[in-house]
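Below is one structure; the comments refer to it alone.
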Amino acid sequence: MLAAELALARVDVAIVERRESQVLAGSRAGGLHSRTIELLDQRGVHDRFLAQGKLMQVAGFAMNPLDISDFPTRHNYGLALRQEVIERILAAWVSELSVPIYRGREVTGFAQDDTGVDVELTGSRSLRANYLVGCDGGRSLIRKRAGIDFPGWDPSISYLIAEVAMSEEPAWGMRRDERGVNGLAKLEDGMRVRVVLNEPYVKQGDEPTLDDLRKALVTVYGTDFGVHDVTWLSRFTDAARQAASYRAGRVLLAGDAAHVHSPTGGQGLNIGVQDAVNLGWKLAQVVSGRSPESLLDSYQTERHPIAARVLNLTMAQTAAGRGDDRTNALRATLADLFSMDEPRKRYAAIMSGLDIRYDLGEGHALLGRRMPDLDLASENGRQRLFTRLHQARPVLLNLAEPSALDIAPWADRVERVDARYAGVWELPVLGAVTAPSAVLIRPDGYVAWVGAGNDYGLRDALTTWFGPPVAA
Ligand SMILES: Cc1cc2nc3c(=O)[nH]c(=O)nc-3n(C[C@H](O)[C@H](O)[C@H](O)COP(=O)(O)OP(=O)(O)OC[C@H]3O[C@@H](n4cnc5c(N)ncnc54)[C@H](O)[C@@H]3O)c2cc1C
C-alpha cells in the first residue's frame, strides 16, 4: 500500500521482499473493515477487492457483532477476504504502477547518513535510498537495527492455528474454556478444517509440531479427530507491543513492524494499510523537497495513538474472552451494553476505523476527520468526491462561489474543485454537522481545514500540510 501511495506521488520506490512469490502459507487476516475499503475506494481500486470477497458485517467487540449497516458511508459493511488474496491484489496494483519488487531478497542491515540510507541485501547486494520504511512485520529487523524500543506486554495466552484434514467429523464451531476460545471451522473447500486452540501454558518462539496439535485437541475435545495432512501449523499470542518511535532519522516503520497485538477484532492488517496511507503522501512531499522533514513527525503524532488504542482494546477483548464464570458474567453485561444504540455505534465506529479524528486543533467537527464521499454536482456533471482523490493529491473543495478561494501559490500541488452539494453532512457517531463552505482534504482523505464563508486559516493549513507557497 505504501509503495502504491509513493508511486502515485511519482516517487521512485522499490519493495524488497524475502519471500520468493506471493504465496502466503496459511490464513492470517480474514478481511477488511469499512475505513480500509474507503481508503481503497479513494484510490479507485476497491472494486478489485470487493469482487473477490464477501460483503459482511465484520465489526465486533468481545464476540459481540456490531452492525454498521446504518452508518453514513457507502461502505457500511466489511469484506471477508483472505490476506493472501489482499496481498495479491495489492501486488498486482503496484506492478501496474511500475514499482519494482525485488523478491527473494532479504534486508540484512542498513547504515544511514545525512543524505540517505545504504540498505544491505542478501547476496552482497545493496541499495541506496533517501528513506527506508520497515514494513517487515512484528519481528522487524529494521526496527531492531534502528535501535527503536518495542515496549509492551508479554503474552498471557498462546494459540495454535492450523489448516488440516480430519478423518472424523469434528465438533464444528467455537468452544470456550477458562483461558479463551477454541474453534473448528470449515475452510473454503468445505472439506478441510481451520483449527484454533489455546494452549494450557503460554508458549512462544519455537515451531509447534503435529504432536503439540494432537495433544491440544485431546485436551479441549477429548479426541484429535484423526487429524492429518497438516498444510499449515503456526502459533500466535496476545503479546501487545508498540514501537516507541515510528522514525529514527531516515528510517520509518509501518504495519506490524510498528505494532503487534492479538488478532481479536481483526485490526492488524487494517491499521497497517492505514499507516501506509497516512505516511505515503507525507514522505512523498518530503522526498520531493516541497515540505520540510518535520512533516514526518505528524505520522507518529497521528498514527501512534491509533495503534495504542488498538493494543488496549485487544487486551480488553482477550480478558473478556476467558470462559470462567466471572468473565462470562462480564461478557453478558457487555452484550447488554452493545444492544443499546449509542455504545454499539461508538464501538462499531472504532472497530471499523470510521471514528478516527487526528488532533488538528479546535474547530469544526470535520477537522481531522475522514471526508465523507459526497455526491458533488459541478459544471462537468455529477461526481463522487472520492474520485477526486484517485491520484493521491490534496483537494480544496470549494462549495461557495466559484473562484472564491485563491490557492494560486499551491496550484502545482493542490487541486481546486468548485462544486455544489445539497445533501446533509453526516458523520459516523456524531450525526449531522454544520455544512462548511469549503474543505481542504489531504491525500489520505482527512480534513485539514474547514471554511466558514471565508479563507481564514487556509494559507496556514496549506503551508503546514503541503509546503510553503511558490511564487507565480
Ligand atoms: C492468526 C492471525 C489472524 C489475523 N487476523 C487478522 C484480521 O482478521 N484482520 C487484520 O486486520 N489483521 C489480522 N491479523 C494481523 C495481520 O496478519 C498482520 O497485521 C499483517 O500481516 C501485518 O502486515 P505487515 O505487512 O505489516 O507485516 P507482515 O504481514 O508480517 O509482512 C512483512 C513482510 O516482510 C517480509 N520481510 C520480513 N523481514 C524481511 C527482511 N529482513 N527482508 C525482506 N523482507 C522481509 C516478510 O516476508 C513479509 O512478507 C491476523 C494475524 C494472525 C496471526
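Numbers 1017 to 1488, taken from our numbering, label the letters of the sequence shown in order.
Beta carbons: idealized from backbone N, C-alpha and C, even for Gly.
Item, Value
"I want to know whether the region 1438-1454 touches the region 1083-1096 - three or more CB-CB distances under 8 Å.", "yes"
"Grab me the residues of H1244's own chain with a C-beta within less than 8 Å of its C-beta, minus the 5 sequence neighbours each way, in chain order.", "V1180, A1181, M1182 and S1183"
"Less than 7 Å separating the Cβ of N1396 from some heavy atom of ligand 1?", "no"
"Is L1249 helix, strand or coil when you go by DSSP?", "strand"
"Grab me the residues of V1110's own chain with a C-beta within less than 6 Å of its C-beta, minus the 5 sequence neighbours each way, in chain order.", "A1019 and A1020"
"Pick from I1031, E1103 and L1353: whose alpha carbon is nearest that of I1117?", "I1031"
"Buried or exposed: where does A1438 fall if 16 or more other Cβ atoms within 10 Å of its Cβ makes it buried?", "exposed"
"Could you tell me the distance, in whole angstroms, from the CA atom of L1203 to the CA atom of E1100?", "14 Å"
"Would R1266 and N1146 qualify as a contact pair, given that the criterion is a beta-carbon distance under 8 Å?", "yes"
"Please tell me whether Y1217 has its Cβ less than 8 Å away from any Cβ of chain D.", "Absent from the structure: chain D. Only one protein chain is present."
"What I want to know is whether the C-beta of R1210 ends up closer than 7 Å to one or more non-hydrogen atoms of ligand 1.", "no"
"To the nearest angstrom, how far is the alpha carbon of Q1399 from that of L1382?", "21 Å"
"In the structure shown, what three-state DSSP assignment does L1489 receive?", "Residue 1489 lies beyond the stretch modelled for the chain, which goes from 1017 to 1488, so this question has no answer here."
"Thinking just about the alpha-carbon of each residue, which of R1306, S1355, G1377 and Y1462 is nearest to the one in D1428?", "R1306"
"Tell whether a beta-carbon distance below 8 Å holds between A971 and R1347.", "Since the first and last residues shown for the chain are 1017 and 1488, residue 971 lies out of range."
"So, under 8 Å CB-CB, L1229 and A1270 are touching, yes? Tell me the CB distance rounded to an integer number of Å.", "About 33 Å separates the two Cβ atoms, so there is no contact after all."
"Please state whether DSSP places H1380 in a helix, a strand or coil.", "coil"
"Okay, do the region 1031-1050 and the region 1118-1133 touch, 3+ Cβ pairs below 8 Å being the bar?", "yes"
"For the region 1197-1267, which segments carrying the alpha helix (DSSP H) assignment without a break, of at least 4 residues, lie completely within its bounds, in sequence order?", "1226-1237"
"Is DSSP giving N1328 helix, strand or coil here?", "helix"
"Distance check for A1075 and S1368, CA to CA, integer angstroms please.", "6 Å"
"Where do the ends of the alpha helix (DSSP H) carrying Q1058 lie?", "S1050 to Q1058"
"Cutting at 7 Å between CB atoms, please list the residues of its own chain near F1402, excluding the five before and the five after it.", "D1057, Q1058 and D1389"
"Considering only their Cβ atoms, is the gap separating I1366 from A1323 smaller than 8 Å?", "no"
"Thinking just about the alpha-carbon of each residue, which of G1379, L1412, D1205 and R1436 is nearest to the one in L1392?", "R1436"
"Are there three or more Cβ pairs, one per stretch, closer than 8 Å when the region 1451-1468 is compared with the region 1407-1414?", "yes"
"Given 7 Å as the limit, tell me if P1279 has its C-beta closer than that to any heavy atom belonging to ligand 1.", "yes"
"Hey, F1252 and Y1175 are a contact pair by Cβ (cut 8 Å); roughly how many whole angstroms apart?", "5 Å"
"Thinking D1291 and A1264 are a contact (beta carbons under 8 Å), I'd like their distance in whole angstroms, please.", "About 16 Å separates the two Cβ atoms, so there is no contact after all."
"Taking 7 Å as the cut-off, is the C-beta of V1236 nearer than that to any heavy atom in ligand 1?", "no"
"Can you tell which of T1480, P1186, Y1363 and A1451 has the C-alpha that lies nearest to the C-alpha of W1426?", "T1480"
"In chain order, what residues of the same chain have a beta carbon less than 7 Å from the beta carbon of P1171, not counting five sequence neighbours either side?", "V1218, Q1220, T1253, D1254 and A1255"
"Looking at the strands, I want to know which residues DSSP matches up with M1072.", "G1094"
"So what does DSSP say about E1122, is it helix, strand or coil?", "coil"
"Could you work out which residue in N1344, G1282 and D1434 is closest to A1364 when comparing CA atoms only?", "G1282"
"Could you tell me the distance, in whole angstroms, from the CA atom of F1354 to the CA atom of K1361?", "9 Å"
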